[in-house]
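2 protein chains.
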Amino acid sequence: MPVHRAQAWKYKLKSLSLKAKNMFERVLIAEDQQSMNFWMLQTLKELEITDAHYACYCDDALTRIKNSLKDGAPFDLLITDLSFVDDGRTQSISNGADLIKVVRQHQPTIKVLVFSSEPNPTVVNMLFDKLAIDGYVHKGRTDTIDLKAALAAIYKGKKFIPEAFRVSIRQKNAFKFSNYDVAIIEQIAGGANQNKIPDYLKQQNMKPTSLSSIEKRLAQIKDELGFKKNEQLIAYCKDLKII
Amino acid sequence: MPVHRAQAWKYKLKSLSLKAKNMFERVLIAEDQQSMNFWMLQTLKELEITDAHYACYCDDALTRIKNSLKDGAPFDLLITDLSFVDDGRTQSISNGADLIKVVRQHQPTIKVLVFSSEPNPTVVNMLFDKLAIDGYVHKGRTDTIDLKAALAAIYKGKKFIPEAFRVSIRQKNAFKFSNYDVAIIEQIAGGANQNKIPDYLKQQNMKPTSLSSIEKRLAQIKDELGFKKNEQLIAYCKDLKII
DNA sequence: ACTTATTTTACGGGAAGCCGTAAGCGCATT
DNA sequence: AATGCGCTTACGGCTTCCCGTAAAATAAGT
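Line order of the protein sequences matches chains E and Y. Position 111 of the first sequence, counting from 1, maps to 111 under our numbering, and the rest follow consecutively. In short: position in the second sequence from 1, add 243, done, that's our numbering.
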């Protein structure tokens, strides 16, 4: 494939060039807002990152990551949103968190910056904890500055968390929901009677499956969060986008 | 106030100029994402709208609207987001829908374009119904084109709804929640036992207040939406941002 | 003012959920 | 093999919720 060869060659040339770079070279943006993509490309250009590309779908982003590895011209940085609107095109990856997971499997060393309007510190905290992202920039009133600061920080190997979040992350860290918990809660939110859930869990090869265990787990979750009723829990999980 | 005089004069000059304009002249953007504001200003400039301004807070937006009227140089168009992140600065208006309501009280003729990432057709439908907005552009994979199309359409006095929404608005229009309904559902989502709700409703001067009526109303709502359990209803209401 | 219709309330039986106790099971240690 | 520990399951009573029926109250029509 001559195209790939050419790309790899170009990349090597860059790497070998004597001009000391102090910024990322190849950046991939995964973001479904076209306006945001345009603006982002422009901002990167101002930082002399000319080799930036974007994908409007998670699947496309993954493909580009894979191809870039094949071509020997891997991306240095992935900037991704969290939520992608489903517009009918069936996608195997539907959100930014899943995209990060899969991308990491292919290219563990890639730096990841999340750029999203997710305002919930608990969710963001999870990203740093479980996905080891390198930075988070909240789409907001200072995002133009934050983005530049984040790029600089991450390039130097630092993590980037905006001040506003750093505080409240500690405050709010209430409870970790396991997959098991989420499965149960989703069933309830979907209208299932609790006595139907054991069968469902068996089907999903999750355990424990007994009604008693489910009751107990639910009681524990609610107790830890200070809730008394399932409805409260559902509301909470919806707010935190756990379900 | 010399500044205001000058502005008004400038505005009159423009209006009287022989050059036939086919686009808005004075535009106000209410949007809390700085990046989006920058991009929007640029886009408007491409359309030769140079007299565009933005506000990061709803209250600021309202102030500018008021001032523009005082100065005799009113805005032709308000472009606003729906959700504004609360960053601690206390605001009397906290979201786009409320902003539109208040702005309309001061300047009923102003055109309103909502530019948001709200994906729920029911919510958007409400905006056209209750707030009589002139257009809706969804921040998404085609928003750069949509925005320009919307501006052109609205300028010609047409309404603008993207195709993708036009369809599903009809499909999904399921149920209208009254204040009474919302009050009950909020109580449940907050963890209240149903037998505590009568007292609450009396306190709020809402009726009927009997437990039986509440049970009946809940049953009816769930029946119409095809739900069987409260938890399902809570999940639904959270998704639709009814609570 | 009387009847009719609709809404609201009261009540009661059955279903679902909640919660504590105790029995069952697997697993590691000795 | 026996013991102890933790997790899972089974069961029973108690509460809350669900839903139907009927009485009471309110609104509407003549």
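From the three backbone atoms N, C-alpha and C, an ideal C-beta is built for every residue, glycine too. Values in this document were obtained by computation on a predicted structure and should not be read as measured data.
- The alpha carbon of Val-425/Y has as its nearest neighbour, out of Pro-405/Y, Val-367/Y, Gln-447/Y, Ile-404/Y, the alpha carbon of Gln-447/Y.
- Not a single CB atom of chain Y sits nearer than 8 Å to the CB of Val-124/E.
- Membership of Gly-135/E in the beta strand (DSSP E) is indicated by the continuous run 135 to 138.
- Rounded to the nearest angstrom, the Cβ distance from Val-270/Y to Asp-319/Y is 7 Å, consistent with a contact under 8 Å.
- Between the alpha carbons of Asp-329/Y and Ile-272/Y lies a gap of roughly 18 Å.
- Listed in chain order, the positions of the stretch 424 to 436 of chain Y with a beta carbon within less than 7 Å of a beta carbon of chain E are Ile-431, Ala-432, Gly-433, Gly-434.
- Here DSSP, grouped into helix, strand and coil, assigns Phe-327/Y to coil.
- Contact with chain Y is absent for Asn-95/E, since none of that chain's Cβ atoms lies less than 8 Å from the residue's Cβ.
- At the C-beta level, Cys-299/Y and Arg-217/E stay beyond 8 Å of one another.
- When the beta-carbon positions are compared, Ile-308/Y and Val-346/Y come within less than 8 Å of each other.
- Residue-level contact check: Gln-463/Y does not touch chain E, since none of the beta carbons of chain E fall below 8 Å from its beta carbon.
- Every unbroken stretch of the alpha helix (DSSP H) spanning 4 or more residues and falling wholly within the stretch 423 to 453 of chain Y is given here in chain order: 440 to 446.
- Around the C-beta of Leu-211/E, fewer than 16 other C-beta atoms lie within 10 Å, and the residue is accordingly described as exposed.
- A direct Cα-Cα distance of roughly 12 Å separates Ile-322/Y from His-381/Y.
- With contacts defined by Cβ atoms closer than 8 Å, Ala-396/Y and Gly-378/Y form a contacting pair.
- Using a Cβ distance threshold of 8 Å, Asn-230/E and Ile-188/E count as a contacting pair.
- Looking at the DSSP output, Ser-360/Y shares a beta bridge with no other residue.
- Pairing Leu-444/Y with Glu-429/Y, the inter-Cα distance amounts to about 12 Å.
- DSSP places Arg-307/Y in the uninterrupted alpha helix (DSSP H) bounded by 301 to 313.
- Counting the other Cβ atoms within 10 Å of the Cβ of Pro-162/E gives 16 or more, which makes it buried.
- DSSP places Asp-51/E in the uninterrupted beta strand (DSSP E) bounded by 51 to 55.
- Burial check for Asp-143/E: the Cβ neighbour count within 10 Å reaches 16 or more, so the residue is buried.
- Ile-29/E carries a strand assignment under DSSP once its states are collapsed to helix, strand and coil.
- Within chain Y, the C-beta atoms nearer than 8 Å to that of Ala-235/E come from Ala-432, Gly-433, Ile-477, Lys-481, Ile-486, in chain order.
- Under a criterion of Cβ atoms nearer than 7 Å, the residues of chain Y adjacent to Asn-230/E are, in order, Glu-474.
- Around Pro-362/Y, the beta-carbon contacts reaching into chain E at under 8 Å are Val-85.
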